[in-house]
Each structure stands twice: as structure tokens, then as C-alpha cells.
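Chemist: Shown below is the structure under consideration.
Residue numbers (my numbering): 13 to 388.
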């Protein structure tokens with residue numbers, strides 16, 4: 013069985029090793045027995061956008077697509093309640109209404125700036141990590157398991173120049189500073205992982221599609237007099253044999269980009285901001301090496317586990333009670349709290365059949381190649 017690594021575990025390791033030790037898949041793998049799970053507006057909107065950007069419907073009229081998007085948003089709210097086994101939250105209708113208004117305002121704004129065609133939505137990847145000290149060899153744990161990095165991209169898209177971009181949708185309270193977007197480790201690692209997952213495809217960069225929840229002082233966005241169509245790059249264009257490419261990589265359709273492309277481009281509206289960040293080869297390859305180096309440290313047998321207290325992280329940490337007990341030297345009480353108030357975290361499997369749910373690239377005809385030595 014491979015040793016699995018997800019971005020959430022990597023981020024937890026770098027934020028606080030004690031919380032990582034409690035919750036990581038490769039460690040104690042615990043979660044609260046009674047989860048505090050407020051309605052995730054960000055997740056619900058991303059589910060709806062997966063339908064909006066579904067490649068097979070990209071050339072359809074918005075009059076056909078938008079009702080399907082609204083249904084996806086409703087399903088996301090209902091699925092949240094079903095996961096908790098409880099009735100919908102008392103404010104679920106209000107949250108759904110606000111999310112729907114935000115989405116429809118986005119659908120009015122996006123056609124003005126759309127310069128992409130969707131390729132895959134909610135696409136999973138699962139790749140072997142390379143040993144940073146032995147090029148061409150896989151990274152293994154001390155017990156002999158190969159280490160695999162898995163994740164999901166909100167949208168893989170292609171622009172008018174036949175260049176590929178990874179898109180991240182996020183609902184935010186305020187715009188993310190540019191330097192944070194440039195240093196988005198998850199996004200850049202996804203660029204590296206996707207190129208290993210789908211050999212022959214080069215990712216030009218990342219697009220950060222932010223949707224800001226309106227403040228009380230914000231005026232209601234003006235609706236256009238005539239509803240715009242969806243804009244963007246049409247799927248049926250003849251360039252390279254059409255742009256609907258979920259099933260095959262058009263290796264003969266090479267990117268034809270500007271000679272001096274801009275590093276960062278902003279498309280901004282009252283409640284929306286789309287930031288294009290072109291990633292260099294050094295950035296992408298460096299992300300893969302750094303990921304492997306951190307993974308090696310995480311799976312080492314002599315890893316030291318210690319807390320990293322901070323006001324922001326500790327306030328939201330689900331493991332604050334056992335952590336405080338350990339901090340005060342009450343190890344037996346911490347073990348009792350973990351046994352009574354936490355449960356094993358279920359494994360998240362890649363589900364084929366849902367949007368994007370494939371365990372390897374559908375267009376290659378085979379699973380991704382393995383590094384030498386992975387049959388140990």
C-alpha cells in the first residue's frame with residue numbers, strides 16, 4: 013500500500029506538528045467524533061461552478077445551463093445536511109439565497125473577462141513523489157512504502173493560445189494579497205503534479221478566481237439589460253481539432269503564446285477578481301522538489317512532534333483540548349480525551365463516475381508510469 017500525502021496534511025505539518033500528528037492520515041488519523049461542520053459556502057459554490065464549467069456544456073446557452081447550476085447549488089446544501097444526519101441549518105435558506113445571488117452576479121460579470129475553455133472540472137490526481145537525492149527513483153518511507161501525493165484541481169482550462177492553466181475558485185471575505193497568491197504552495201504543487209500525472213502536458217500557470225462575499229455596505233450589483241452569453245474560448249473552434257479535450261491531449265496543437273507574456277494579469281469587478289499568474293519552469297520543478305523533501309521529513313521514523321502555538325491557529329484547531337492537556341503535562345487525560353471525543357478519520361477515496369473522479373488521466377490509455385523501484 014502506498015503512503016498517501018495530501019496538501020491538507022502538508023499544511024498541517026508546517027503549521028503545527030502536534031495537530032498534524034493527531035489528524036494526519038499517516039499518523040493518528042483522528043477527527044472530532046461530533047464534527048463542527050458549518051455550511052461550507054465555498055464548497056457549495058465550487059460544486060455549482062463545476063457544473064457551469066463542465067466542458068460538455070460549455071457551448072450551451074446560459075438559459076439551459078444556469079438552471080442546472082442552481083440545482084447543483086441546492087444539492088450541495090442538501091448533501092451537507094445529509095452528511096451531518098441533521099435537518100438543514102436554520103439559516104440554510106438564507107445562505108443558499110446569498111450564494112445564488114453571488115453566483116448569478118458572477119455569471120453576468122465573467123463573460124466580459126472569459127478567455128478560457130474548460131478541459132476538466134474537479135479533476136483528481138495521484139502521483140508518485142521522486143526521491144530528491146536520487147533522480148529517477150521514487151521516494152519511499154522507512155518501511156518501504158512509496159509516497160504518493162494526491163489532490164484535486166477545481167478546473168483545468170486552456171486559453172486562446174492553447175496554453176493550459178490550473179484554476180482555483182475561492183470565496184473570500186477580502187482579496188488575497190498578491191504575494192500570497194504567488195506563494196500558493198498548493199496551486200504550484202498541483203501544476204507539478206498534473207504534469208507528472210498527464211505526461212506531455214505543460215501547465216502555463218495558475219488562475220485564482222476569487223468571489224468576495226458582499227459586505228453590508230456593498231450596493232447590489234447592477235444586472236445587465238440583456239443577459240450576456242458565456243463568452244470565453246469556444247469548444248467547437250477549429251484550432252488544433254477543437255478545444256474539447258477531456259479525452260485526449262492534442263499534442264500537435266502547441267501553445268502559441270506572446271513573445272513577452274505578462275507575469276501577472278488582474279481582471280477585477282466589484283465582487284470578483286481573477287488573477288492570472290504565469291509560472292516559470294523553475295517554480296514548477298522547485299515545487300516538486302520541495303514537496304518531496306517535506307514528505308521525506310514527514311514520514312521519517314525519528315520525526316519530532318511539538319506544538320506551535322499561535323492565536324490564529326489555536327483558536328480554530330479541533331485538537332485544542334488534548335493539546336492543552338499535553339502542554340500541561342497531563343498525558344493520561346489527553347489520551348482519555350482522544351479516546352472519548354475523537355474517532356478515526358475516514359479515508360477519502362477517488363470516486364470514478366462523479367465529475368472529475370478519475371484515478372488516472374483518461375486520455376493516455378493507461379495509469380501514470382511508476383518510478384523505478386516502486387514494486388518493492
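Every residue, glycine too, gets a C-beta built ideally from N, C-alpha and C.
Would you mind giving the Cβ-Cβ distance between residue 317 and residue 333, rounded to the nearest angstrom? I have them listed as a contact below 8 Å.
Modeler: Actually they do not touch by this definition, with Cβ atoms about 17 Å apart.
Chemist: One question on the structure: do residue 31 and residue 331 come within less than 8 Å of each other, judged by their Cβ atoms?
Modeler: For residue 31 and residue 331, yes; Cβs fall inside 8 Å.
Chemist: Can you name the start and end residues of the alpha helix (DSSP H) that residue 190 belongs to?
Modeler: 190-194
Chemist: Can you find at least 3 beta carbon pairs, one from the stretch 122-139 and one from the stretch 54-66, that sit closer than 8 Å?
Modeler: yes
Chemist: Report the three-state DSSP secondary structure of residue 121 (helix, strand or coil).
Modeler: helix
Chemist: Just list the residues that DSSP pairs residue 355 with in beta bridges.
Modeler: 43
Chemist: From what residue to what residue does the beta strand (DSSP E) around residue 308 run?
Modeler: From DSSP, residue 308 is part of no beta strand (DSSP E) but of the alpha helix (DSSP H) over 293-310.
Chemist: Got a sec, what are the start and stop residues for the alpha helix (DSSP H) residue 19 sits in?
Modeler: 19-27
Chemist: Specify, as a first and last residue, the run of the alpha helix (DSSP H) that residue 162 falls within.
Modeler: Note, residue 162: premise wrong, no alpha helix (DSSP H); beta strand (DSSP E) at 159-171.
Chemist: Taking 8 Å as the cut-off, decide whether the C-beta atoms of residue 245 and residue 171 are in contact.
Modeler: yes
Chemist: Quick one, which of 207, 226, 325, 273 has its alpha-carbon nearest residue 139's?
Modeler: 207
Chemist: What is the DSSP secondary structure of residue 219, reduced to helix, strand or coil?
Modeler: Strand.
Chemist: Measuring only the C-alpha atoms, how far is residue 353 from residue 46?
Modeler: The alpha-carbon atoms of residue 353 and residue 46 are separated by roughly 8 Å.
Chemist: Indicate the three-state DSSP secondary structure (helix, strand or coil) for residue 77 in the structure shown.
Modeler: helix
Chemist: Please name the residue in 357, 324, 308 whose C-alpha comes closest to that of residue 143.
Modeler: Taking only the C-alpha atoms, the option nearest residue 143 is 308.
Chemist: Would the beta-carbon of residue 1 fall within 8 Å of that of residue 304?
Modeler: Outside the shown range of the chain, which is 13 to 388, sits residue 1, and nothing can be said about it.
Chemist: Rounded to whole angstroms, what's the CA-CA distance from residue 120 to residue 72? Just pull it up for me.
Modeler: 16 Å
Chemist: So, at 8 Å on beta carbons, what are the nonlocal neighbours of residue 365 in its own chain, with the 5 sequence-adjacent residues on each side left out?
Modeler: With a pLDDT of 45 at residue 365, under the threshold of 50, the modelled position of that residue is not reliable, and no figure is offered here.
Chemist: Could you tell me whether the Cβ atoms of residue 222 and residue 182 are closer together than 8 Å?
Modeler: yes
Chemist: Provide the residue span of the alpha helix (DSSP H) that contains residue 206, from first to last.
Modeler: 197-209
Chemist: Return the CA-CA distance between residue 315 and residue 163, expressed in angstroms with no decimal places.
Modeler: 24 Å
Chemist: My output table needs one value for residue 132: the three-state DSSP class, helix, strand or coil.
Modeler: strand
Chemist: Take residue 118 and list the residues in its own chain whose beta-carbon comes closer than 7 Å to its own, dropping the five residues that flank it on each side.
Modeler: 223, 284
Chemist: Return the CA-CA distance between residue 358 and residue 300, expressed in angstroms with no decimal places.
Modeler: 27 Å
Chemist: If residue 74 sits next to residue 320, beta carbons under 8 Å apart, how far is it from one beta carbon to the other, in whole angstroms?
Modeler: The distance from the Cβ of residue 74 to that of residue 320 is about 47 Å, inconsistent with a contact at the 8 Å cut-off.
Chemist: Hey, quick one: how far does the alpha helix (DSSP H) through residue 57 stretch, first residue to last?
Modeler: 53-64
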